[in-house]
Amino acid sequence: MAWMPRVFIPLVIFGALAVPAGATVKLVALPDRGKTVVRLDRPGPALIETERDLALQKGQNEVVFSWKGMRIEPDSIFLRLCRNTVNAVLTGAGSREGEAALTWRIYSKKAGFVTARITYLLRGIDRRVSYRAVIRKGEGRADLEGYVVVRNFSGRDMENATLALGEGRTFRQGIRHGETLRLLFLERKGIPVEKRWVFDAGIRPWVVKDPGTGKGIPFGYRFRNTAASGLGAFVLPPGKVRVFQEDGHGGTVFAGEDRVEKVPVGEPFDISIGNSRDVVVTQRKMRDKRINVRRNRKNRIVLYDTDEVITAAVRNFRDRPARLTMIEHIPGQWDMAECSMTYRRTDAHTLEFEIELPAKGVRKLRLHYHRRNVR
Amino acid sequence: MKPGWIPVMVVCGLLACVPSYGETDLAVLPRRASVRLTIYNSADLTLVRETRFLTLKKGANRLRFSWEGTLIDPTSLDLRPGGRKGGTGVASLSFPPRVNHQAVWNVRSAAGGRTPVEISYLTSGLSWRALYLVVLDPGEKRMALREFLRVANMSGEDYENAQVRVIVGRINLIDRIVELARRAHPYGRPGGTFQEAVMRPETARAAKMEGAKGRLMMADKVLSARPKEIRKEGVSEYFLYSIEGEETILSGCSGLLPGFRADDVPVVNLYRYERERYGDNVMRFLEFRNDARHGLGKTPIPGGVLNVYRKTGDTGRLSHEGRCRFGYVPVDEKAVLGLGPAADVIVRPKLTACRTGGYLFDRHGNISGWDETREYRIRVKNTRRVAVRVEIRRNFGAPSWDLKRTGKGVTYEKIDVDTVQFTLELPPRTEKTFGYVLILHHGKRAG
């Protein structure tokens, strides 16, 4: 602690020190730190609960808690008396303006020990989560590890601490001020995964004049936070996922990374790790006409329909089959005149095609649709 | 830093003998037993996986790893004990306060003794790129294609006797490795912005780079010996090239490794004209297909820089035809390599007539539709001594049109709603003229 520019004096007990006139000092004690729980299960400041055994004198006692150099939220500090065999009562608290200290007044009918639990919110300490997934050779299963990274820049060393990360996951692990600690909290082997290629015409560039300039089709893996997948015990916290792929020679290659949001139990989550350039979509608009044109008295067009044709050739240059999810968007009111593949309408303006691509094969999609009542 | 001793120093100590956070560990500096580099070209990123043998005590051990002067991403550090399955495990990884570029693994060993450990991490500063050399035969119908891989190391770390692999593929990265490597705190600080956490590059590393200049990597070894075999295999959506044997890659150096070679690849001499893209220039391309018929097609061709030469005749001398950068070419896909503007193939479109007609009027007498007729003649001249294919794209800027060809020997295809492409095969030193009549429908005529 000597290295720290500010000193955290955990708890000092005075007997009515320098407060009410006429009071006398009954006791000065510097109790040892007891159990400390650092709760990091929510975003924002960490909740700290620390216990101290206080030796109280009969009558009025004062307990001074100071936090110079620490990023405690002063309004969040409170004290509870546990294991209170002397029937001590918290009678009040006060602090001086501008001072990082709080004084509690405790009245005890007799001398004895109580355990005080002090709770406060502390900034500068938090936790992040990262994942490491290794996709097995057949790309149907993966090993998943989850790490929690605790960063303590709060100004306080947390010795003998219990780090509570939510969902019942706790670690008995001290962490010093300025230290970053990485701990394994999740390890599952052989989780089933589904490989997916996704082409979203609303996101991916499909340049009409130069369809060859696409940057590949995003691909990744779908995991499920379910018991059947070996997960499903708790909500997976958000974090970065680094994905490795078995190389077939006893090693791995780094395959890419993505960020997952919080995954509730029972829900799937997709990790997109890169772009495949062996699955290629060449999409073109082949017809775009106005039909059923209505004009006003000034001969201005006020309403019309469209007659549009989009074609897409989906090529799989791989020597293995692939399943592409292709997403098309048609704005406004529309009806399909003809479509060469079945699709699922995921919302009013979005069509989703699941296209099975044979190895080294091509599938062609033709959409002939009318947009109605375009103004 | 001595080569081979790395920036990466492993210190092994017995936890029980020292205070909880003491720094009086027993220092052991085991050399790398092996190291494997997997270098990416779509991002500044290399996966390093090294094996070391440590002597662990039974119980808790602390292994200290430091990487001062390098570009290692500390968030990627990973240690996997090998050998004694289930007997050794990593309890935690700590980045201690008040020291930079240092991490401590807390490892529990059930039995103690000599244990192999595999340490892996991502680093910035190593790179590879593909270079290609094309030599066209005098008739420009066939070409010899050679691939080279240039591997460069500016990572601040020497890698001796490393197994080198390179990855062809485009991966997603959320953070740049070099930025993660330069953070003052490996995972940043709570509430701190990323920029605040970035350290300036160390002068020590810069000095080291400077000192490394002039050292040769493995180029002399490679070029004098039998060309190394490069094994190519697919891993998911990527291709992995493994270079035979081991290489020493010193920091501040680069080296060239020969890749595949195909000596008799059929190629099409292709010229393109499209005013909206290239202006009045005719652009030259070489077209071939990455398939077995062309003596290729075993693996995709990674993108890179290509220099094209042509044999000038019996003398065996070469002329430089152009240079281009091209992208990844999958197996069985066509490759079109752009060599820039060409002056020896001429395309001159001329508008010979323009008229309108077929007017429609609404009840107020205003024009509600009409047709516009344009007649073009296009003169195409090949001044070269070799046959060429010429593709001419015409964009009409309107979705409703009809087209009539005039002249024979010219075909066209509809590319999209308002674009067609004429294709011509021109023998050496010939000229061809063809025409077309384009009728654009406007207003009500378009319906």
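Taken in order, these protein sequences are the chains called C and W.
At the far end of the first sequence sits residue 408, using this note's numbering, and the numbering has no gaps.
At the far end of the second sequence sits residue 449, using this note's numbering, and the numbering has no gaps.
Glycine included, C-beta positions come from ideal geometry on N, C-alpha and C.
Those residues of the segment 360–381 of chain W placed with their C-beta closer than 8 Å to a C-beta in chain C are D364, H366, N368, S370, ordered along the chain. By the neighbour-count criterion, in which 16 or more other beta carbons inside 10 Å mark a residue as buried, H103 of chain W falls on the buried side. The Cβ-Cβ distance between R138 of chain C and G125 of chain C falls below 7 Å. Taking 8 Å as the upper bound on Cβ-Cβ separation, chain W lies near no residue of the segment 257–271 of chain C. Assigned with DSSP and collapsed to three states, E212 of chain C falls in coil, not helix or strand. With a minimum length of 3 residues, the unbroken runs of beta strand (DSSP E) contained wholly in the segment 153–190 of chain W fall at 161–170.
Residue burial annotation: Q278 of chain C is buried, with at least 16 other C-beta atoms found within 10 angstroms of its C-beta. Across the set C:L357, C:W367, C:G365, C:A381, the C-alpha of C:L357 shows the shortest separation from the C-alpha of M374 of chain C. Linking K393 of chain C to D291 of chain C through their CA atoms gives a straight-line distance of about 29 Å. For M369 of chain C, the closest alpha carbon among the candidates C:Y402, C:T379, C:A88, C:G67 is that of C:Y402. One Cα belongs to F287 of chain W, the other to D75 of chain W, and the distance between them is close to 42 Å. F262 of chain W has its alpha-carbon roughly 43 Å from the corresponding atom of V92 of chain W.
The count of Cβ pairs closer than 8 Å, one atom from the segment 151–167 of chain W and one from the segment 252–262 of chain W, reaches three, so the stretches are in contact.
Against chain W, the CB of R292 of chain C has a partner CB under 7 Å away; the residue lies at that interface.
The beta carbon of E239 of chain W sits closer than 7 Å to some beta carbon of chain C. Within the same chain, and ignoring the five residues on either side of I324 of chain C in sequence, the residues whose Cβ sits closer than 8 Å to its Cβ are Y337, D338, T339, D340, H403. Annotation for R160 of chain C: L73, V181, V182, V183, L198 place their beta carbon closer than 7 Å to its own, counting only its chain and skipping 5 residues before and after. Under the Cβ criterion of 7 Å, V182 of chain C is counted among the residues facing chain W.
Chain W places no beta carbon closer than 7 Å to that of L155 of chain C, leaving this residue out of the contacts.
P83 of chain W is bridged by DSSP to W:V119. One alpha carbon belongs to W372 of chain W, the other to N397 of chain W, and they sit about 20 Å apart. Sequence-distant Cβ neighbours of T259 of chain C in its own chain, meaning closer than 6 Å and more than five residues away, are G265, G299. The beta carbon of D160 of chain W does not come within 7 Å of any beta carbon belonging to chain C, so the residue lies off that interface.
A straight line joining the alpha-carbon of V274 of chain C with that of G61 of chain W spans about 31 Å. Under the DSSP definition of a beta bridge, M359 of chain C partners with C:F232, C:F386. For S36 of chain W, the three-state secondary structure derived from DSSP is strand. The beta carbon of S94 of chain W lies closer than 6 Å to those of N108 in the same chain, with the five residues before and after it left out.
Listed along the chain, the chain C residues whose CB falls inside 9 Å of the CB of T40 of chain W are D280, G284, T285, V286, F287.
A261 of chain C sits in a helix when the DSSP states are folded into three classes. Put simply, the backbone Cα of P76 of chain C is about 13 Å away from that of G272 of chain C.
Cβ neighbours of L272 of chain W within its own chain (closer than 6 Å, five residues either side excluded): F287, E289, R391. Interface with chain C (7 Å Cβ-Cβ cutoff): N174 of chain W is included. For R279 of chain W, the enclosing alpha helix (DSSP H) begins and ends at 277–280. Sequence-distant partners of I369 of chain W (beyond 5 residues in either direction) whose C-beta falls short of 8 Å from its own C-beta, in its chain, are Y361, L362, F363, G445. Judged by DSSP secondary structure, P301 of chain C falls within the beta strand (DSSP E) whose first and last residues are 301–309. For E172 of chain C, the residues of chain W that pass the 8 Å Cβ criterion are S238, in the order they occur in the chain.
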